[in-house]
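*Asks:*
Residue numbers (my numbering): 12 to 364.
1. Tell me the DSSP secondary structure of residue 182 in three-state form.
2. Extract the residue ranges of the beta strand (DSSP E) inside the region 103 to 161, only unbroken runs of 3 or more that lie entirely within it.
3. According to DSSP, simplified to helix, strand and coil, what is residue 53?
4. Tell me which residues share the same chain as residue 211 and place their Cβ nearer than 7 angstroms to its Cβ, disregarding the 5 neighbours each side in the sequence.
5. Under 8 angstroms between the Cβ atoms of residue 115 and residue 143?
6. So for residue 223, helix, strand or coil by DSSP?
7. Under three-state DSSP, which class holds residue 168?
8. So the candidates are 32, 123, 215; which of them puts its Cα closest to the Cα of residue 75?
9. Suppose you measure from the CA of residue 101 to the CA of residue 156; what does that come to, to the nearest Å?
10. Does the separation of the CB atoms of residue 152 and residue 236 fall below 8 angstroms?
11. Does DSSP put residue 235 in a helix, a strand or coil?
12. Could you please give the first and the last residue of the uninterrupted alpha helix (DSSP H) stretch that includes residue 84?
13. Nearest-angstrom Cα distance between residue 158 and residue 171?
14. With respect to the alpha helix (DSSP H) encompassing residue 39, which residues constitute its N-terminal and C-terminal limits?
15. Quick one: what does DSSP say residue 188 is sitting in, helix, strand or coil?
16. Let me confirm a value: residue 140 is counted as buried when at least 16 other C-beta atoms fall within 10 Å, else exposed. Which label applies?
17. Could you check if residue 246 is buried or exposed, using at least 16 other CB atoms within 10 Å of its CB as the buried criterion?
18. Considering only DSSP beta bridges, list what residue 100 is partnered with.
19. Please report the straight-line C-alpha distance between residue 122 and residue 129, rounded to a whole angstrom.
20. Name the one or two DSSP bridge partners that residue 204 has.
21. Taking Cβ to Cβ, would you say residue 52 is nearer than 8 angstroms to residue 63?
22. Buried or exposed, going by whether 16 or more other CB atoms sit within 10 Å of the CB of residue 165?
23. Based on DSSP bridge pairs, tell me the residues matched to residue 72.
24. Skipping 5 residues on each side, what residues in its chain have a beta carbon closer than 6 angstroms to that of residue 202?
25. For residue 200, is the classification buried or exposed, using 16 other Cβ atoms within 10 angstroms of its Cβ as the cut-off for buried?
26. Based on the DSSP output, what are the partners of residue 22 in its beta bridges?
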């Protein structure tokens, strides 16, 4: 059981998990985590080369790492963290498919308005996206998360929802999405025919319905995952990562609210980047905390990370102290001056809600 009332954590990137010497020398980073008063480290499930960092039959793994570590990289990192008394979470986008494994999931891939397979580029690598329209996703995602827990004994899982409706290339217009969406319209709004995908792309009404359908499917996936994890492993805390608000939906109707609020998640991780002024951080985090405190979400954790390679880039004492003193129940770290006092909150609202 994860007993912390709040999560005070930091992402540990380790040169994108591709350099053996970085992984082997993780103890130095972990000591810095403890020195800064943090209790939780968060690691990614894939490295920048598209290999799973855990023992997996679903995704490809880099066996060269195993010959040195004697175990998966993620298991090594988490065991080292546990030896220091740290909790260790794993961040995974369960809808991502590494390029090396795309053929195994070809019939489940999401497609754009031109019926081209959706892709996302991360660290120079191509990752494909699974369509949430397929009911098989429930079991596939459960298997992926189960593999992580079986191998690594992680304390919690951060789920990244890539289908947030904020960018056309991240929206699924596959044939399966069409039939599933149309069934949703018939059952809820008695609409039996639409012009696909034009009505969704051009009309605010159908776009709103489409976003509602996507989130309904995401909720079903999460509910299945939570139920299945509890049956197999007992209590496993889940967190949602960086929900965003679609520009076509009014601020009074945050479409993502169903999947980030209420009781679907135990924790909500808000990822703040590009914030320089500590006073602006202080003001904004108070607003964030107040909003989510009223919704009934069990925990709000404000987590940020810096992209620099130096250790100092990960831990800013002043930022930590300011966030704590300002009523925030988390850590904010930052790396640029792109947000000033006048637009800080509006910028964060775009990132968060």
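For glycine and all other residues, C-beta sits at the position ideal for the given N, C-alpha and C. Predicted model only: the values in this text are computed from it and were never measured.
*Replies:* For this structure:
1. In the three-state reduction of the DSSP assignment, residue 182 falls in the coil class.
2. For the region 103 to 161, whole beta strand (DSSP E) runs of length 3 or above, ordered along the chain, are 107 to 109, 130 to 133, 136 to 140.
3. In the three-state reduction of the DSSP assignment, residue 53 falls in the strand class.
4. Contacts found: 217, 218, 221.
5. Going by C-beta atoms, residue 115 is not nearer than 8 angstroms to residue 143.
6. Residue state, collapsed to three classes: helix.
7. Three-state DSSP puts residue 168 in a strand.
8. Comparing Cα positions, the closest option is 32.
9. Roughly 9 angstroms between the two C-alpha positions.
10. Less than 8 angstroms divides the Cβ of residue 152 from the Cβ of residue 236.
11. DSSP, read as helix, strand or coil, puts residue 235 in helix.
12. 84 to 94 is the extent of the alpha helix (DSSP H) around residue 84.
13. In a straight line, the C-alpha of residue 158 is about 17 angstroms away from that of residue 171.
14. Taken as a continuous stretch (DSSP letters only), the alpha helix (DSSP H) holding residue 39 covers 37 to 46.
15. Residue 188: helix per DSSP, three-state reduction.
16. Residue 140 is classed as buried because its beta carbon has at least 16 other beta carbons within 10 Å across all chains shown.
17. Per the 10 Å Cβ criterion, exposed.
18. As DSSP reads the structure, residue 100 sits in a beta bridge with 53, 167.
19. Approximately 5 angstroms, taken between the alpha carbons.
20. The partner list for residue 204 (beta bridge, DSSP) is empty, contrary to what the question assumes.
21. No, the Cβ-Cβ distance between residue 52 and residue 63 is not below 8 angstroms.
22. By the neighbour-count criterion, in which 16 or more other beta carbons inside 10 Å mark a residue as buried, residue 165 falls on the buried side.
23. For residue 72, DSSP records a beta bridge to 63.
24. Excluding residues within five positions, the ones whose Cβ falls inside 6 angstroms are 196.
25. Burial check for residue 200: the Cβ neighbour count within 10 Å stays below 16, so the residue is exposed.
26. Beta-bridge pairing links residue 22 to 53.
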